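Step one of this worksheet: look at the structure below.
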Ligand SMILES: Cc1cc2nc3c(=O)[nH]c(=O)nc-3n(C[C@H](O)[C@H](O)[C@H](O)COP(=O)(O)O)c2cc1C
Ligand code: SF4
């Protein structure tokens, strides 16, 4: 059974029908963390976040406090919040922007105070129409409430926030492509170095980029203290984390659970969470951290939901999405569809990503639709090896950004774990699941 006695840090208001309104937010302790923040020195606010050991929730898991402290040595110009979240089956930030936009806005103001920036941007995926509307309303309400604008709550601190809708490209979730998009350009990732946002970010200025969930944790951390957050979880993985559970489970949805104290089995099978596999079928595999992540089989069910724990087994918690495949799911089809997504979303700057993704997608299409040959498996793996040489974990990078090196994960996992399924497609001349 899952351990569910930890406080719900970012999803505590989600059950209220009016969870997104200023009235509900104020009734449930809203903007108290900000009021406390304004009585503290900015360094002390950053120190609380450092003490919390809050790992970034956008995918890479870099500690937020460390990112800020590296930057605070030279003045930061902008804070940018990444609410792009366009990866298939990933929807935990979507949940936060729709259900608790004031919590996000308060987190942004706290971070901006710690960094002493006067301008922040919240970038939200354009397709999140309701989320965009609610975040914009929350920003407007925060101005009217005195929590934004000039001299916030009569302090000496002033901040403006611009809400920026994205234009529907997955690559704009990559922080440097997002910055290009904010500047009004096409979303092309920039080469790092020299274009680390901390050094040369938005409009060429030092910029902090953080994820929506990372920001949404800040009101609780400041109200309760970084040590209280660090007391949850184990080791490097502190606090709680939101997981978007998708695929063949009885209760797909977004769940907040304490890190490391819970396992994949808990989140997939506990009746209060995923509730088990659809129609009580057998589990075939699961993708632990979004479609960029290598897959796990049922032997990994008892692995703890922690960054290092999952990393040590050759995958990642990544974007916070867990996708479940059951005995009736076709792994060839799943890997083909994931590759098709990456191929479509490749921005085209790097040859291995642009060409390789298309070649792999076409070979996978052939295999899934019954036109494949056994030799295609070696061909596909060779193509994958050209994108991420050695096919190890973490992957080697031959491209500007890690979208490229993510392409082999699903195909390599599917061939390694389910070679027999591929052979069955070849022998039958069709998908056995059709
Ligand atoms: C292809 C690609 C897509 C990404 N999409 C997102 C996204 O939708 N949201 C996000 O927060 N981070 C995304 N990231 C990671 C960001 O580049 C960046 O690391 C993150 O926003 C930093 O925030 P954090 O430190 O709070 O996690 C993506 C990275 C890549 C390579
Ligand atoms: S790896 Fe792919 S998405 Fe990333 S910059 Fe290169 S071509 Fe664009």
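Numbering (our numbering), first residue to last: 160 to 593.
Yeah, the Cβ is synthetic: ideal placement off N, Cα and C, and Gly gets one too.
In this text, all values refer to a predicted model and were calculated from it rather than measured experimentally.
Where residue 278 falls: helix, strand or coil (DSSP): Working through the chain shown from its first residue, we reach residue 278 at position 119. The answer is strand: DSSP assigns residue 278 an E or B state.
Cβ-based burial, residue 500 [other Cβ within 10 Å; buried from 16]: As a position in the chain shown, residue 500 is number 341, starting the count at 1. Buried, since its Cβ has 16 or more Cβ neighbours within 10 Å.
Three-way DSSP call (helix, strand, coil) for residue 405 in this model: Taking the chain shown and counting its residues from 1, the one referred to as residue 405 is at position 246. In this structure, residue 405 counts as strand in the three-state DSSP scheme.
Cβ neighbour criterion (16 or more within 10 Å) applied to residue 311: Here the question's residue 311 lines up with position 152 in the chain shown. With 16 or more other Cβ atoms within 10 Å, it is buried.
Anticipated Cβ contact below 8 Å, residue 467 with residue 568, distance rounded: Sequence index remark: in the chain shown, residue 467 carries index 308 (1-based). Sequence index remark: in the chain shown, residue 568 carries index 409 (1-based). The Cβ separation is near 19 Å, so there is no contact.
Of the listed residues 508, 336, 384, 575, nearest to residue 209 (C-alpha basis): Residue numbering aside, residue 209 sits at position 50 when the chain shown is read from its first letter. Of the candidates 508, 336, 384, 575, the residue whose Cα lies closest to the Cα of residue 209 is 384.
Buried or exposed by the 16-neighbour rule on C-beta atoms within 10 Å, applied to residue 235: Reading the chain shown from its first residue, position 76 is the one you call residue 235. Classification for residue 235: buried.
Identity of the residues DSSP links to residue 400 by a beta bridge: As a position in the chain shown, residue 400 is number 241, starting the count at 1. Beta-bridge pairing links residue 400 to 416.
Nearest-angstrom beta carbon gap, residue 446 and residue 161 [assumed within contact, 8 Å]: Here residue 161 refers to the residue found at position 2 of the chain shown. Here residue 446 refers to the residue found at position 287 of the chain shown. So it is not a contact: roughly 20 Å between Cβ atoms.
Any non-hydrogen atom of ligand 1 closer than 7 Å to residue 243 Cβ: Translated into the one-based positions of the chain shown, residue 243 becomes position 84. Checking every heavy atom of ligand 1 against the Cβ of residue 243, one is found closer than 7 Å.
Proximity test, residue 226 beta-carbon vs ligand 4 heavy atom, cut-off 7 Å: Judged by which ligands are present, ligand 4 is missing from the structure shown, whose ligands are ligand 1 and ligand 2.
For residue 411, three-class secondary structure by DSSP: Counted from its first residue, the chain shown places residue 411 at position 252. Here residue 411 sits in coil by DSSP.
Residue 508 CB to nearest heavy atom of ligand 2 below 7 Å: Numbered from its first residue, the chain shown carries residue 508 at position 349. Residue 508 Cβ: within cutoff of ligand 2.
Own chain residues within Cβ distance below 6 Å of residue 334, not counting five before or after: Start at 1 with the first residue of the chain shown, and residue 334 comes out as number 175. Here the set comprises 356, 368.
Best match in 291, 479, 465, 570 for proximity to residue 494 [C-alpha to C-alpha]: Sequence index remark: in the chain shown, residue 494 carries index 335 (1-based). Out of 291, 479, 465, 570, 570 has the C-alpha closest to the C-alpha of residue 494.
Three or more C-beta pairs below 8 Å linking the region 407-422 and the region 541-555: no
Residue 630 burial status per 10 Å Cβ neighbour count (16 or more: buried): What is shown of the chain runs 160 to 593, which leaves residue 630 out entirely.
Any non-hydrogen atom of ligand 1 closer than 7 Å to residue 560 Cβ: Against the chain shown, residue 560 aligns to sequence position 401. For ligand 1, at least one heavy atom lies less than 7 Å from the Cβ of residue 560.
Residue 248 versus residue 505 - alpha carbon distance: Looking up residue 248 in the chain shown gives position 89. Looking up residue 505 in the chain shown gives position 346. Cα to Cα, the separation comes out at about 18 Å.
Endpoints, the beta strand (DSSP E) within which residue 426 is located: Here residue 426 refers to the residue found at position 267 of the chain shown. It is not in any beta strand (DSSP E) - residue 426 instead sits in the alpha helix (DSSP H) that spans 423-428.
Between the CA atoms of residue 547 and residue 565 - distance to the nearest angstrom: Taking the chain shown and counting its residues from 1, one reaches residue 565 at position 406. Taking the chain shown and counting its residues from 1, one reaches residue 547 at position 388. The straight-line gap from Cα to Cα measures roughly 8 Å.
Euclidean distance between Cα positions of residue 344 and residue 450: Reading the chain shown from its first residue, position 185 is the one you call residue 344. Reading the chain shown from its first residue, position 291 is the one you call residue 450. One Cα belongs to residue 344, the other to residue 450, and the distance between them is close to 27 Å.
Any non-hydrogen atom of ligand 2 closer than 7 Å to residue 512 Cβ: Mapped onto the chain shown, residue 512 falls at position 353. It does: the Cβ of residue 512 is within 7 Å (strictly closer) of some heavy atom of ligand 2.
Cβ separation of residue 320 and residue 195, assumed to be a contact under 8 Å, to the nearest whole Å: One-based indexing of the chain shown puts residue 320 at position 161. One-based indexing of the chain shown puts residue 195 at position 36. That belief does not hold up - the Cβ atoms of residue 320 and residue 195 are roughly 20 Å apart, past 8 Å.
Whether residue 392 touches residue 417 by CB criterion (8 Å): Residue mapping note: residue 392 aligns to position 233 of the chain shown, counting from 1. Residue mapping note: residue 417 aligns to position 258 of the chain shown, counting from 1. Going by C-beta atoms, residue 392 is nearer than 8 Å to residue 417.
Cα-Cα separation between residue 229 and residue 358, rounded to whole angstroms: In the chain shown, the residue the question calls residue 229 occupies position 70. In the chain shown, the residue the question calls residue 358 occupies position 199. If I take the Cα positions, the gap works out to 10 Å.
Contact between the region 197-209 and the region 323-338 (3+ Cβ pairs under 8 Å): no
For residue 272 and residue 316, believed in contact at Cβ under 8 Å, the rounded distance: Numbered from 1 along the chain shown, position 157 holds the residue referred to as residue 316. Numbered from 1 along the chain shown, position 113 holds the residue referred to as residue 272. Indeed they touch by this definition, with Cβ atoms about 6 Å apart.
Per DSSP, cross-strand counterpart(s) of residue 239: As a first step, residue 239 is located in the chain shown; it is residue number 80 there, counting from the start. The partner list for residue 239 (beta bridge, DSSP) reads 280, 368.
Cut-off 8 Å between Cβ atoms - residues of its own chain near residue 225, not counting five sequence neighbours on either side: As a position in the chain shown, residue 225 is number 66, starting the count at 1. Excluding residues within five positions, the ones whose Cβ falls inside 8 Å are 209.
Residue 552 beta carbon less than 8 Å from that of residue 473: For this step, residue 473 is matched to residue 314 along the chain shown. For this step, residue 552 is matched to residue 393 along the chain shown. Yes, they are a contact pair.
Whole-angstrom C-beta distance between residue 284 and residue 244, which should lie under 8 Å: To locate residue 244, count along the chain shown from 1; it is residue 85. To locate residue 284, count along the chain shown from 1; it is residue 125. Yes, they are in contact, since the Cβ atoms of residue 244 and residue 284 sit about 6 Å apart, within 8 Å.
Residue nearest to residue 204 in terms of C-alpha spacing, selected from 223, 186, 189: Counted from its first residue, the chain shown places residue 204 at position 45. Looking at the Cα atoms, 223 is the closest of the given residues.
Contact belief for residue 572 with residue 454 at Cβ below 8 Å, rounded distance in angstroms: Mapped onto the chain shown, residue 572 falls at position 413. Mapped onto the chain shown, residue 454 falls at position 295. Contact holds; Cβ gap of about 4 Å.
Inter-residue spacing [alpha-carbon to alpha-carbon] between residue 488 and residue 443: By one-based count along the chain shown, residue 488 stands at place 329. By one-based count along the chain shown, residue 443 stands at place 284. Residue 488 and residue 443: Cα-Cα distance of roughly 8 Å.
Ligand 1 heavy atom lying under 7 Å from the CB of residue 370: Here residue 370 refers to the residue found at position 211 of the chain shown. True, at least one ligand heavy atom lies under 7 Å from that Cβ.
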